[in-house]
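Protein sequence lines, in the order shown, are assigned to chains H and G.
Each step along the first sequence adds one to the number in the numbering used here, with nothing skipped, and position 107 is 96.
Numbering-wise, the numbering used here comes out as the position in the second sequence, counting from 1, plus 11.
Just so it is clear, CB atoms sit at the ideal spot from N, CA and C, and this is done for glycine as well.
Only a predicted model underlies this, so the values are computations on that prediction, with no experimental measurement involved.
Take a look at the structure set out below.
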Amino acid sequence: MAKTKKKRKIIIRKSSSGFFNKEDFFKELDMKTRRIFQGMMFPLEQRMDQLFSLIQNVKSNVIVANTLLERKEYITKEEFLEEFILYEKHDVGVVDGEGKMDGNCVFSLYNMEN
Amino acid sequence: MVIVELLIDIMVYEGLTLERKKEYVMAGAVFRQLLKIYPGGLNKTKRFEDHYRKVNLQKLKPGDEVFMFRSGGIGDVMFMIPLIRYLKEKHDVKIKVATSPMYCQVMNQNPYVDSTIQMPFLAEELAKSDYHLMFEGVIEDPNKRAQYINAIDLFLEEAGVNFDKISFENKIPYLYLDPLDVEQTKKEIKKLNIDHKAKKIGIQVESSSPIRTFPIDKIIVLSKKLLEEGHCVFVFGGKKQQMIGEYLRDVLLESRNFVNLIFKDISLKGSILYCSQMDVMIAPDSAFIHVAGGLGVPVVGLYSCFASLLRMKYYRNAIGIDCNVPCAPSFTHGHSPCVKGFPSPCFSVISIQNILDAVNHLLGKEKIQSLYPIYNLFVRGEFIPSPFATISVPKIAESIGG
């Protein structure tokens, strides 16, 4: 009989200081998963740092990042990448370090009399 | 909406005191807030739905009383005005309006309103009227139609009115002012030590919601540029914005054409009267867009998480500057900042020059068309949804003056 894999969702919650950080995220994982995750993300660490710096200013009550790591022990680098990219795509509208967004403004003119 | 009984006396806003042992009708959000401040101080007693008699246009008879209520904000309360006029003119009914104490002033001079009371109101008020119309939640989630239909149309629709058959002239939420008050305000402005030949530009410094608040550093630069161009700048706001007003006054101290209207005893009525004397108003997605729209004052609206079309469509000489970024319009309600940071990063795509161009267009100086040919696409007020928007938005092909 095949072993049933237990699914686990990871939720990043706002830390007590009101900001997200990597430490808070790792607290959500147990020791074994943390080691796997850290080892796995070594080449991705820089990107992870970027992600965390991006969401440090996020002020919503709860941001659910439940696709970052879905299975407790069996996640692969490919799966992680796939989910990570999905997560990034979901978070449309990237803000750069100066607080600027890509885009432009558009004018709507209503009922002009001249 | 909920009906609650008070177990203690509770003072809410603007000195309005709710008495113990009496039943009041209030918005669910107000109930939750009060419960946090006074745990155990109030109890839900009856189901609001059992006492709510929604207006039925077919059964409405002349002389019936229609009791309409919405707690706030100013713009949302003003969205009731075209419907009030319609009901009065078409059905000859009596109109009673309830709103938060500070917004009652918006309705006081309205000739179509027979009486105004403050919210929260006594539950017994429900029984006194023939029909009710409650507007809490009409333009908020989960009403997805609020993401592509103008708010005024939604308010009309709530009463069962076919909004397509109402002319856009009758959809303007006109504000009525006492001529004596207007004269007094003109005199007050004449007394100011400003260049009286200069155009008067009003700026609302902050929205009630942080997510819709335009960055203050840009407001400062904008004010400086307007002053450099020889205009007078009047800043508008409520008591909560007093510090911002004082800060702006300090920063722009050298200019005599700068007028801070955010003083201690400023009333909404006073601000509305001053707004009526402006040549152009600039405001984030907030009160003074609608006040200016209701007074016929040309207005520039700075929009982030809502499309200007959903709010400004029926105002005369109005320009909505919308942020065309992947996450907009996000239709985010509430009083929290944007999840991406404060001030909302999408405002980075609106430059000071963009706003100045809009102002100059309204002042008849330089036309936007010659500067921004692509913007002509928006002249008809068609909503261009973001390709990243999560909902499909039908194109509204309604011809309005352009």
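In chain H, which residues lie less than 8 Å from Asn335/G when you measure between Cβ atoms?
The residue labelled residue 335/G in the question sits at position 324 within the second sequence. In chain order: Gly92, Asn93, Cys94, Val95.
Per DSSP, what kind of secondary structure is Thr196/G in: helix, strand or coil?
Locating residue 196/G in the second sequence gives position 185, counting from the first residue. In the structure shown, Thr196/G sits in a helix (DSSP, three-state: H, G or I).
Residue interval of the alpha helix (DSSP H) (run including Val302/G):
In the second sequence, residue 302/G corresponds to position 291, counting from 1. Taken as a continuous stretch (DSSP letters only), the alpha helix (DSSP H) holding Val302/G covers 298 to 306.
Would you mind stating whether Phe269/G and Gly213/G have Cβ atoms separated by less than 8 Å?
Residue mapping note: residue 269/G aligns to position 258 of the second sequence, counting from 1. Residue mapping note: residue 213/G aligns to position 202 of the second sequence, counting from 1. No, the Cβ-Cβ distance between Phe269/G and Gly213/G is not below 8 Å.
Quick check on Phe59/G: does DSSP put it in helix, strand or coil?
Taking the second sequence and counting its residues from 1, the one referred to as residue 59/G is at position 48. Reduced to three states, the DSSP call for Phe59/G is helix.
Positions along the stretch 319 to 344 of chain G whose CB lies within less than 9 Å of some CB in chain H:
Ser319, Leu320, Met323, Lys324, Tyr325, Tyr326, Arg327, Asn328, Ala329, Ile330, Gly331, Ile332, Asp333, Cys334, Asn335, Val336, Pro337, Cys338, Ala339, Ser341
Taking the Cβ atom as the reference point for each residue, do Gly76/G and Lys101/G lie within a distance shorter than 8 Å?
One-based indexing of the second sequence puts residue 76/G at position 65. One-based indexing of the second sequence puts residue 101/G at position 90. A small fix is needed here, since residue 76/G is Glu in this sequence, not Gly. Going by C-beta atoms, Glu76/G is not nearer than 8 Å to Lys101/G.
DSSP on Tyr49/G, reduced to helix/strand/coil?
The count along the second sequence starts at 1 and reaches residue 49/G at position 38. Residue state, collapsed to three classes: coil.
I need the straight-line Cα distance from Glu60/G to Val232/G, nearest angstrom please.
Within the second sequence, numbered from 1, the residue matching residue 60/G stands at position 49. Within the second sequence, numbered from 1, the residue matching residue 232/G stands at position 221. The straight-line gap from Cα to Cα measures roughly 50 Å.
Nearest residue (CA-CA) to Ser220/G, options Gln116/G, Pro295/G, Arg58/G:
For the purposes of this step, residue 220/G is identified with residue 209 of the second sequence, where counting begins at 1. The shortest C-alpha separation from Ser220/G is found at Pro295/G.
Beta-carbon neighbours of Val291/G, restricted to chain H and to distances below 9 Å:
Counting from 1 along the second sequence, the entry for residue 291/G is found at position 280. Simply none; closest approach about 13 Å.
The alpha helix (DSSP H) enclosing Tyr258/G, as first and last residue numbers:
Counting from one through the second sequence, the residue named residue 258/G turns up at place 247. Tyr258/G -> alpha helix (DSSP H) spans 253 to 262.
Give a yes or no on whether the minimum CB-CB distance between Asn365/G and chain H is below 8 Å.
Indexing the second sequence from 1 puts residue 365/G at position 354. So, interface residue.
So Asp290/G and Leu191/G are in contact, right, with Cβ under 8 Å, and what is the actual spacing, rounded?
The residue labelled residue 290/G in the question sits at position 279 within the second sequence. The residue labelled residue 191/G in the question sits at position 180 within the second sequence. The pair is not a contact, with the Cβ atoms about 23 Å apart (cut-off 8 Å).
Alpha-carbon to alpha-carbon, Glu377/G and Ala40/G:
Position 29 of the second sequence, counted from the start, is the residue given in the question as residue 40/G. Position 366 of the second sequence, counted from the start, is the residue given in the question as residue 377/G. Cα-Cα distance, rounded: 46 Å.
Does any CB atom of chain G fall closer than 8 Å to the CB of Gly86/H?
For the purposes of this step, residue 86/H is taken as the residue at position 97 of the first sequence. Gly86/H does not count as touching chain G.
Within a Cβ cutoff of 6 Å, which residues of the same chain sit near Lys55/G, ignoring the five residues on either side of it in sequence?
In the second sequence, the residue the question calls residue 55/G occupies position 44. Excluding residues within five positions, the ones whose Cβ falls inside 6 Å are Val13, Val15.
Could you check whether Val95/H and Pro356/G sit closer than 8 Å to each other, using their CB atoms as the reference points?
Numbered from its first residue, the second sequence carries residue 356/G at position 345. Numbered from its first residue, the first sequence carries residue 95/H at position 106. Going by C-beta atoms, Pro356/G is not nearer than 8 Å to Val95/H.
Start and end residues, alpha helix (DSSP H) containing Gln120/G
Residue 120/G sits at position 109 when you count from the first residue of the second sequence. Gln120/G -> no alpha helix (DSSP H), and no H or E assigned at all.
What I want to know is whether the C-beta of Cys349/G ends up closer than 7 Å to one or more non-hydrogen atoms of the ligand PLP.
Looking for the ligand PLP in the displayed structure turns up nothing, as the structure carries no ligands at all.
Could you tell me the boundaries of the alpha helix (DSSP H) in which His372/G lies?
Counted from its first residue, the second sequence places residue 372/G at position 361. Looking at the DSSP string, the run of the alpha helix (DSSP H) that includes His372/G is 363 to 373.
Measure the C-alpha to C-alpha separation of Val172/G and Gly307/G and round it to an integer number of angstroms.
Looking up residue 172/G in the second sequence gives position 161. Looking up residue 307/G in the second sequence gives position 296. Straight-line Cα distance between these residues: approximately 25 Å.
Under 7 Å Cβ-Cβ, which residues of chain H neighbour Ser359/G?
Taking the second sequence and counting its residues from 1, the one referred to as residue 359/G is at position 348. Those within 7 Å of Ser359/G in chain H are Gly88, Lys89, Met90.
Can you tell which of Leu188/G, Ile230/G, Leu238/G, Gly345/G has its C-alpha closest to the C-alpha of Gly281/G?
As a working mapping, residue 281/G is identified with position 270 in the second sequence. The option with the nearest alpha carbon to Gly281/G is Leu188/G.
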